[in-house]
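Position 80 of the sequence shown, counted from 1, bears residue number 78 in the numbering used here, the numbering being contiguous throughout.
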Amino acid sequence: WEKFHSRHSQGFFFKERRYLLKEFPELGRSNQDFTVLEVGCGAGSSAIEDLFCSRATTTARVYACDLSEAAVSLTNKMGEKALNEQAKSRLWTFVCDPSCEALPTWLACDACRASDFGIKSSLVSCCEGGADFITLIFALSALADLDQMSNLLKECCSVLRPGGMLLFRDYGLYDMTMLRFPADQKVAANCYRRLDGTLSYFFSCEAVRDLFTGAGLLEVELEYCCIKLVNHKTKVPMKRVWVHAKFMKPDHT
């Protein structure tokens, strides 16, 4: 992925994600202080759109991480171009791979995680207090196997506040891109390797349910999103299949 993002360092490969507010209206709630963690930020398409979604409030904060230093650098570059000074001050980026390492303790300290974010004194500032929302937008499918996905989701859950939501969209079974892969690029069930070496996993709703509930989250929404697009130049129809989901961390209070 480092090579991939370095090769596309100008950001032309990536499209804006203007559908986020429509699909996840929670991100547009106004007059409230909230925190969003974007995992697998890539070129910053989702993180930057998160800031536009929260434009009604000046206190929403967006943290964006990726395992690739080139991706984080690209997110910062895109933010410089797209955001005003006030919005830039609410975007923080960092390098991290939650599938095999812990998210930083300044986001959620060990004590807060262990106590499941119990009530703290407002005078104590041990960490940011975790995230109200975590977004996984076409990121989980890049991992090699289900164990890595499970590790990432458990780590995300550990820094999600009780009552917080994990918002998910990724490739679904029988998406056009899956059907176009030749048989020799299949590396495991529903998982394919692109010619550049990166991976793409295609989810069923059942697999998503098992992964997310296995991490301790509660299902709120889970469905396939099937869309037929037409290439205006070639007139070739493109049948896209994505999985859309919202999961909530139980509120034990």
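All C-beta atoms in this analysis are idealised placements derived from N, C-alpha and C, irrespective of residue type, glycine included. Every value quoted in this text rests on a predicted model; they were computed, and no experiment measured them.
| Check | Outcome |
| --- | --- |
| Close-in-space but distant-in-sequence residues of the same chain around Arg127 (CB under 6 Å, 5 per side omitted) | According to the sequence provided, residue 127 is Gly. The question's Arg does not apply to it. Same-chain partners within the cutoff: there are none. |
| Stretch-stretch touch, CB-based, cutoff 8 Å, three pairs: the segment 223 to 237 with the segment 192 to 206 | no |
| Distance between Leu150 and Cys63 (C-alpha atoms, nearest Å) | 13 Å |
| Whether Ala129 touches Arg159 by CB criterion (8 Å) | yes |
| Straight-line Cα distance separating Trp240 from Asp173 | 7 Å |
| Proximal residues to Lys237 (C-beta, below 7 Å), its chain only, five neighbours per side dropped | Met174, Lys226 |
| Whole-Å CB distance - Leu209 paired with Leu144, under 8 Å assumed | 7 Å |
| Proximity of Cys39 and Ala69 at Cβ, strictly below 8 Å | yes |
| Reduced DSSP category for Glu217 - H, G, I as helix; E, B as strand; rest coil | strand |
| Backbone secondary structure at Leu144 - three-state DSSP | helix |
| Distance between Ala140 and Thr103 (C-alpha atoms, nearest Å) | 25 Å |
| Cβ pair Ser156, Ala106 closer than 8 Å | yes |
| Cβ-based burial, Ala45 [other Cβ within 10 Å; buried from 16] | buried |
| Alpha carbon of Asp114 to alpha carbon of Leu18, nearest angstrom | 28 Å |
| Candidates Ser123, Lys233, Glu67, Met163: closest to Ala41 by CA position | Glu67 |
| Alpha helix (DSSP H) runs contained entirely in the segment 119 to 188, provided each spans 4 or more residues | 144 to 156, 174 to 178 |
| CA nearest to the CA of Lys247, picked from Lys233, Cys189, Thr91, Gly214 | Gly214 |
| Cut-off 7 Å between Cβ atoms - residues of its own chain near Asn74, not counting five sequence neighbours on either side | Thr91 |
| Status (buried if at least 16 other CB within 10 Å, exposed otherwise) for Ala54 | In this prediction, Ala54 scores a pLDDT of 49, lower than 50, which makes its location untrustworthy; the coordinate-derived value is nonetheless stated afterwards. Exposed: under 16 other Cβ atoms inside 10 Å. |
| C-beta contact flag for Leu165 and Lys79 at 8 Å | no |
| DSSP beta-bridge partners of Ser198 | Tyr190 |
| Alpha-carbon spacing of His242 relative to Gln146, whole angstroms | 20 Å |
| For Pro96 and Leu193, the rounded distance between their alpha carbons | 25 Å |
| DSSP bridge partner residues for His230 (one or two, in chain order) | Its beta-bridge partners do not exist; DSSP assigns none. |
| Short Cβ contact (8 Å threshold) for Glu36 with Met163 | no |
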